[in-house]
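Heads up: take any position in the sequence shown, counting from 1, add 1207, and you land on the numbering used here.
Heads up, the beta-carbon is just placed ideally off N, CA and C, and yes, glycines get one too.
Only a predicted model underlies this, so the values are computations on that prediction, with no experimental measurement involved.
These notes concern the structure reproduced below.
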Amino acid sequence: MNGKKKMKFGNMKQDLLTYYEKRAKEYELIYQKPERQSDLTQLHDYLKTAFENKKVLEIACGTGYWTKTIAETCSFILATDINASVLAIAKTKNYDSGLVEFEELDFWLLENENNTYDSVFGGFIWSHILKKNLPRFLTILQNQLIANGELIFIDNKYVEGSNTPIARTDADGNTYQIRKLENGTEYEVLKNFPTMDEVKDLIRDMNLEMKWMELDYYWILKLIESR
Ligand SMILES: C[S@@+](CC[C@H](N)C(=O)[O-])C[C@H]1O[C@@H](n2cnc3c(N)ncnc32)[C@H](O)[C@@H]1O
1208 MNGKKKMKFG
1218 NMKQDLLTYY
1228 EKRAKEYELI
1238 YQKPERQSDL
1248 TQLHDYLKTA
1258 FENKKVLEIA
1268 CGTGYWTKTI
1278 AETCSFILAT
1288 DINASVLAIA
1298 KTKNYDSGLV
1308 EFEELDFWLL
1318 ENENNTYDSV
1328 FGGFIWSHIL
1338 KKNLPRFLTI
1348 LQNQLIANGE
1358 LIFIDNKYVE
1368 GSNTPIARTD
1378 ADGNTYQIRK
1388 LENGTEYEVL
1398 KNFPTMDEVK
1408 DLIRDMNLEM
1418 KWMELDYYWI
1428 LKLIESR
């Protein structure tokens, strides 16, 4: 995840960034799974309410699928991603508010003290962070918030038959899937499925209050700064 370093795992490509760069055009097919439509409607509604009138920093925005929803109610959103190929797609969308800006940005390189955003949003990125890097990830994002600001994450629950099976678990408990693009190329992708208790443990010593919600296929995590 950190930087653009490529790794090989046997014959399998193991580079998350290349995987998402190559998957850009087919990325949103994941949002067409029939069994997930009711949950997705709930997620869209949740995000519209959560970011109403907020100044939002979105990390790892991908093709702007959630940016579009958040832009319906927020006061401003800076949508960022490390991959130019997904940002190019995000920029082709129509955004209701006209208050959307894009930037090519590696969130690991965000400045330490920014403190200007009401909210930071990360959709389906938590699952791609190594467990040992989560404290640093949260600290970096927390540093972008005004006092009492909020971090909001959404991501997948593991549901047998709907998710790609877990192919491997490493010594730290990180789980990996083998993902195939339409052209047949296979990648081994880090994909963790955290539980509420794991997140509780993780934030125990951080100045964050936690709200955890589960739908059938997704979880929603809100972390409220208390400085
Ligand atoms: C699973 S996709 C999620 C895209 C979008 N948030 C969504 O939910 O539809 C993960 C995204 O994270 C981006 N990404 C991975 N590492 C990143 C980093 N260090 N900084 C910024 N973006 C990153 C990838 O380019 C990819 O677009």
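Report buried or exposed for residue i, applying the criterion of at least 16 other Cβ atoms within 10 angstroms of its Cβ.
i: VAL1406; result: buried
i: LEU1254; result: buried
i: ALA1231; result: buried
i: ASN1290; result: buried
i: ALA1286; result: buried
i: SER1433; result: exposed
i: ILE1336; result: buried
i: LEU1250; result: buried
i: ILE1237; result: exposed
i: LYS1418; result: exposed
i: LYS1211; result: Its pLDDT being 37, under 50, LYS1211 is placed unreliably in this model, and the coordinates cannot settle the point.
i: GLY1305; result: exposed
i: GLY1269; result: buried
i: MET1214; result: Annotation note: pLDDT 38 at MET1214 (below 50); position unreliable, coordinate value reported separately. Exposed: under 16 other Cβ atoms inside 10 Å.
i: GLY1271; result: buried
i: ASP1288; result: buried
i: THR1346; result: exposed
i: LYS1275; result: buried
If you draw a straight line from the C-alpha of residue i to the C-alpha of residue j, how long is it?
i: TRP1315; j: ASP1252; result: 29 Å
i: GLY1356; j: GLU1259; result: 13 Å
i: PHE1400; j: ASN1350; result: 25 Å
i: ASP1379; j: PRO1372; result: 19 Å
i: ILE1353; j: LEU1223; result: 31 Å
i: ARG1375; j: LYS1338; result: 15 Å
i: ILE1431; j: ASN1321; result: 17 Å
i: GLN1239; j: ASP1377; result: 31 Å
i: GLU1228; j: SER1292; result: 6 Å
i: GLU1416; j: ILE1359; result: 12 Å
i: TYR1394; j: ILE1296; result: 22 Å
i: ILE1361; j: PHE1331; result: 6 Å
i: LYS1398; j: CYS1281; result: 29 Å
i: LEU1317; j: ILE1284; result: 16 Å
i: GLY1217; j: TRP1333; result: Its pLDDT being 41, under 50, GLY1217 is placed unreliably by the model, and the measurement read from it follows with that caveat. The straight-line gap from Cα to Cα measures roughly 26 Å.
i: GLU1242; j: GLU1235; result: 15 Å
i: GLU1389; j: ASN1370; result: 17 Å
i: ASN1319; j: MET1403; result: 27 Å
i: ASN1209; j: TYR1425; result: Low per-residue confidence applies at ASN1209: pLDDT is 39, beneath 50, and the placement is therefore not dependable, though the value from the model is reported in the following sentence. ASN1209 and TYR1425: Cα-Cα distance of roughly 25 Å.
i: MET1420; j: ILE1427; result: 5 Å
i: ASP1423; j: THR1248; result: 12 Å
Assign residue i to one of three DSSP states: helix, strand, or coil.
i: ARG1411; result: coil
i: TYR1424; result: coil
i: LEU1312; result: coil
i: VAL1293; result: helix
i: ASN1340; result: helix
i: GLU1265; result: strand
i: GLU1505; result: The requested residue 1505 is not part of the displayed model; the chain covers only 1208 to 1434.
i: LEU1397; result: strand
i: TYR1324; result: strand
i: LYS1418; result: strand
i: VAL1406; result: helix
i: SER1433; result: coil
i: ILE1284; result: strand
i: LEU1388; result: coil
At a cut of 8 Å, does the stretch 1334 to 1353 reach the stretch 1409 to 1419 through at least three beta carbon pairs?
Cβ pair count under 8 Å is three or more, so yes.
Contact the stretch 1261 to 1272 vs the stretch 1321 to 1331: 3+ CB pairs below 8 Å
The count of Cβ pairs closer than 8 Å, one atom from the stretch 1261 to 1272 and one from the stretch 1321 to 1331, reaches three, so the stretches are in contact.
Quick check: the stretch 1360 to 1375 against the stretch 1295 to 1307, are there 3 or more CB pairs under 8 Å?
Cβ pair count under 8 Å is below three, so no.
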